[in-house]
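Asks: Take the sequence shown: its letter number 317 is residue 317 in the UniProt record's numbering, and every next letter is one higher.
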Amino acid sequence: MNTSPPPSPGVEASGGGGAGNLDILSTARGPSRQSRISGTTLDHEDGAEATAPPTVLDRPLVAEDPLPLTSNPAPDKAQAGGDRVTPVTTKPERRKVDESLCPMPVSFFLRRRYTERYYLSTDPAIQNKELKEITTIPAKNAFPRIASEIEGWKKHDHPEGQVYFRYEVEGRAYHTNAYLRDSECLKDIQEAVRYLERELNGPEHSDLKNKTFDIGLDVYIEPGTGKKLPCYYMCDPEEEEVFWLQDCHIDWVVEEENFPSYDREHLKHVLSQAYWFHVHMFPHQKSLSEQSLRELISVLNYHLYDRETSRTSNAPYGADDLHRFVELFSRIRPRSGDVVSEYDIVTVARMKTLLCGDQFRHYHGTKWARLDSNRSVHHDTTLVVHTHSWWFCIISWLLFFTPGVYIKHIDEMWLDQKINHQPWRKFISELQEDWTASITPSTVILGANVGFLAIQSVDQGGMMVPGRSAGQIISYISTLLTIGNIIACTILARQHRPSRHRHAEDALNYLVCRASEKWQAELLSIVLSIPTAFFVWGLLAFSAAILWVCFQSTTIHSRAAVGSASVFTAALILLVIMNGKQLKQPAFFHSIPTQMKQTLKRFPLRELSMPLRRWTTFGKRGTTLKAPGKEGQIPMKEVPVNGAHTV
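(1) Specify whether the region 554–568 and the region 478–496 touch according to this definition: at least 3 beta carbon pairs, one from each stretch, less than 8 Å apart.
(2) Since I believe L208 is in contact with A192 (beta carbons under 8 Å), could you give me their beta-carbon distance rounded to a whole number of angstroms?
(3) Going by DSSP in three states, W244 sits in which element: helix, strand or coil?
(4) Which residue spans inside the region 339–424 form an unbroken alpha helix (DSSP H) run of at least 4?
(5) Just the Cα atoms here: how many angstroms apart are Y275 and E257?
(6) Using the C-alpha atoms, what's the distance from E522 back to I407?
(7) Could you name the residues of the same chain whose beta carbon sits closer than 6 Å to that of G152, not counting the 5 residues immediately before and after it, in chain order?
(8) Counting only the same chain and skipping the five closest in sequence on each side, list residues whose C-beta sits under 6 Å from that of A52.
(9) Taking 6 Å as the limit between beta carbons, can you name the residues of its chain near M234, skipping five residues before and five after?
(10) Measure the Cβ-Cβ separation of residue 660 and N485 and say whether it is below 8 Å.
(11) I need the DSSP call for A178, collapsed to helix, strand or coil.
(12) Could you say which of K140, H156 and A139 lies nearest to A147 if we only look at CA atoms?
(13) Looking at C-beta atoms only, is the number of pairs between the region 135–149 and the region 297–315 that lie closer than 8 Å three or more?
(14) Spell out the partners DSSP gives H156 in its beta bridges.
(15) Of all the options E170, L200, S499 and I150, which has the alpha carbon lying nearest to the alpha carbon of L180?
(16) So, under 8 Å CB-CB, V97 and D188 are touching, yes? Tell me the CB distance rounded to an integer number of Å.
(17) Suppose you measure from the CA of E308 to the CA of A319; what does that come to, to the nearest Å?
(18) Determine, using beta carbons only, whether F277 and S107 come nearer to each other than 8 Å.
(19) Going by DSSP, which residues form a beta bridge with F213?
(20) Report yes if the CB atom of L300 is closer than 8 Å to the CB atom of V279, and no otherwise.
(21) Among S287, L575, A545 and Q472, whose alpha-carbon lies nearest the alpha-carbon of S341?
(22) May I have the straight-line CA-CA distance separating L245 from L328, to the nearest angstrom?
(23) So, at 6 Å on beta carbons, what are the nonlocal neighbours of T402 in its own chain, with the 5 sequence-adjacent residues on each side left out?
(24) In three-state DSSP terms, what is P103?
(25) Just confirm the distance between the C-beta atoms of L524 and I410, as a whole number of angstroms; I'd bet it's less than 8 Å.
(26) Give the secondary structure of E133 by DSSP, where H, G and I count as helix, E and B as strand, and everything else as coil.
(27) Would you please state the rounded distance, in angstroms, between the beta carbons of R113 and Q162? I believe it to be under 8 Å.
(28) So, using beta-carbon positions, are Y363 and H266 closer together than 8 Å?
(29) For my contact list, R500 and D506 are in at a C-beta cut-off of 8 Å; report their separation, rounded to the angstrom.
(30) Take M351 as the anchor and find which of V549, Y317 and R370 has the nearest alpha-carbon.
(31) May I ask you to report which of helix, strand or coil DSSP gives P230?
(32) If you draw a straight line from the alpha carbon of V512 to that of W414, how long is it in whole angstroms?
(33) Looking only at DSSP bridge pairs, what is E149 linked to?
(34) Kindly list the residues whose CB is nearer than 7 Å to the CB of H503, restricted to its own chain and excluding five residues on each side of it in sequence; keep chain order.
(35) Specify, as a first and last residue, the run of the alpha helix (DSSP H) that S529 falls within.
(36) Just checking my contact of S469 with F542 at CB under 8 Å: how many whole Å lie between their CB atoms?
Shown next, in the form of structure tokens:
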């Protein structure tokens with residue numbers, strides 16, 4: 001007997017072999033479960049095969065008899081004496097939702113909203129079957145009224161346009177992205193609600209009774225098995241956190257963030273971020289107090305001040321963006337009490353998610369908090385000695401040490417697998433300016449090379465000779481290097497458009513692919529240095545070609561004049577280079593004399609130096625400072641260590 005379902009039969013009238021008897025033809029639709037037909041034979045329990053026609057009740061099947069009912073799809077048609085026979089089919093039984101509750105992260109629901117979409121088909125046949133296009137507007141717009149509630153589920157429209165449904169029961173508010181006007185989806189969600197209510201009413205969750213919280217709910221159909229799994233998460237509006245009814249892995253909230261959590265206060269940031277993701281996804285009937293709104297504006301004001309006054313600020317946005325955000329949120333006003341428009345709720349919720357995520361990445365509120373954007377939470381970056389590979393050091397020499405400058409910037413902006421977005425955007429903008437600015441002088445050098453080669457004394461009188469002079473060869477090299485600079489600048493400028501690095505996620509994806517490993521960061525810094533190297537080498541080659549012409553077969557007076565100018569120019573250029581090598585004085589340098597005075601006042605040196613200080617101050621008794629707005633003097637011994645404070 002066959003164990004796997006073979007192709008199901010079609011029915012066709014036999015040309016011979018008995019009047020009224022039908023031959024069974026195999027098709028691709030599967031066998032009949034009731035008649036146990038396999039191919040063109042009937043299966044018997046004893047394993048014997050019979051070619052007799054299938055029977056219904058106790059007589060042979062004839063054309064006038066209906067086909068047996070089956071849950072499988074029936075053949076498209078059956079022919080008997082040329083007459084068409086319409087098969088009778090039954091709708092398969094709906095599969096119930098599994099009773100095992102599946103805790104899922106909020107991001108799972110958010111991703112499904114944007115990935116699992118309904119689409120309008122352009123196929124006229126499908127449109128005619130599934131949709132009925134409106135072709136006539138009835139008088140007075142008397143369209144059939146569609147109920148706004150379906151068995152207690154109230155329809156809401158997200159400001160983005162997404163339809164979602166909300167259902168309240170005993171202080172619990174259920175939210176789902178499922179389209180409940182589809183009867184199958186409605187039945188699945190209703191079953192999931194019953195399972196979750198049964199779980200919540202159990203004795204192990206008695207602490208949740210009489211509490212108000214939000215629930216996100218959806219039904220996930222498992223590929224392959226077809227199981228319907230009820231997925232959920234729960235939110236506490238008072239604590240502004242998400243939670244589940246069973247233990248969950250940390251990835252349910254941390255997900256792709258590669259930041260280990262060792263403190264409950266640190267974990268709270270990402271739990272709050274998930275809560276605000278929920279509010280952003282389902283904004284209707286959410287309250288926002290004036291205090292919460294003012295707190296958000298205060299946070300943005302602080303970031304704005306910190307960004308403007310600190311070079312290593314952790315502010316997630318630039319000053320211009322923060323100015324606009326402060327102005328935007330200052331315009332939000334509650335309608336009545338704590339009720340706010342769903343549009344304003346979405347705006348506030350999205351900003352809250354960004355701020356909470358940023359606090360989580362900076363270990364805000366813990367002893368490991370990152371206070372400067374160029375510092376790591378894992379080690380002291382000021383004590384780390386950066387050692388580079390031998391090939392990087394060699395190439396850096398050839399590229400005039402430019403890769404070392406770039407890799408230092410990359411190390412400061414790419415810390416702990418986190419991108420400091422604002423310094424990165426500034427870095428990309430500066431690179432764009434450098435590449436754009438170098439194209440113009442490169443074009444000038446290119447034209448100068450062409451003009452140089454056109455000089456008759458250089459071009460050997462315009463005669464075509466197989467050998468070329470050293471000046472010509474060097475000029476050719478300079479021309480090629482200059483062309484290489486223009487090409488490299490054009491390609492890199494196109495690859496690093498500011499619009500491609502506008503968002504932190506774009507910059508993160510860029511560096512993950514190019515700077516995850518040490519050798520990758522070194523290679524990236526070398527690539528960014530190529531235009532500068534082309535330009536400098538091309539300029540040096542052109543200078544060498546000019547000097548060769550000036551010193552080759554010329555008089556002593558010409559050589560002396562050109563040599564003196566060359567030495568003078570080289571000395572000034574070296575002075576400019578050395579100026580960049582000078583170490584910058586630290587900000588606290590100017591406070592060292594005051595600190596020394598405060599330290600040395602305990603030693604006799606102060607008394608010994610008194611005559612000299614009297615002479616330098618023309619006999620005045622001590623150095624004094626007038627207090628702002630007051631008469632009198634402040635003795636030097638009362639001046640703070642860091643100097644007098646002035647407003």
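From the three backbone atoms N, C-alpha and C, an ideal C-beta is built for every residue, glycine too.
Quick caveat: nothing in here was measured; it's all calculated off a predicted structure.
Replies: In brief:
(1) Contact fails: fewer than three Cβ-Cβ distances are below 8 Å.
(2) With a Cβ gap of about 18 Å, A192 and L208 do not count as contacting.
(3) coil
(4) The region 339–424 contains these whole alpha helix (DSSP H) runs: 342–361, 390–398 and 402–413.
(5) 17 Å
(6) 6 Å
(7) Y167
(8) Because the pLDDT at A52 is just 39, under 50, the model does not fix this residue reliably, and the value given afterwards should be weighed accordingly. Excluding residues within five positions, none has a Cβ falling inside 6 Å.
(9) F213, I215 and F243
(10) Outside the shown range of the chain (1 to 647) lies residue 660, about which nothing can therefore be said.
(11) coil
(12) H156
(13) no
(14) According to DSSP, H156 bridges with Y164.
(15) I150
(16) For V97 against D188, the beta-carbon gap comes to about 5 Å, under 8 Å, which counts as contact.
(17) 7 Å
(18) Note that the C-beta distance between F277 and S107 is below 8 Å.
(19) R172
(20) no
(21) S287
(22) 38 Å
(23) S529 and T532
(24) strand
(25) 7 Å
(26) coil
(27) 6 Å
(28) The beta carbons of Y363 and H266 sit closer together than 8 Å.
(29) 6 Å
(30) Answer by Cα proximity: Y317.
(31) strand
(32) 9 Å
(33) K154
(34) none
(35) K518 to F551 is the span of the alpha helix (DSSP H), which, as asked, contains S529.
(36) Not quite, the Cβ-Cβ distance comes to about 15 Å (not below 8 Å), so this is no contact.
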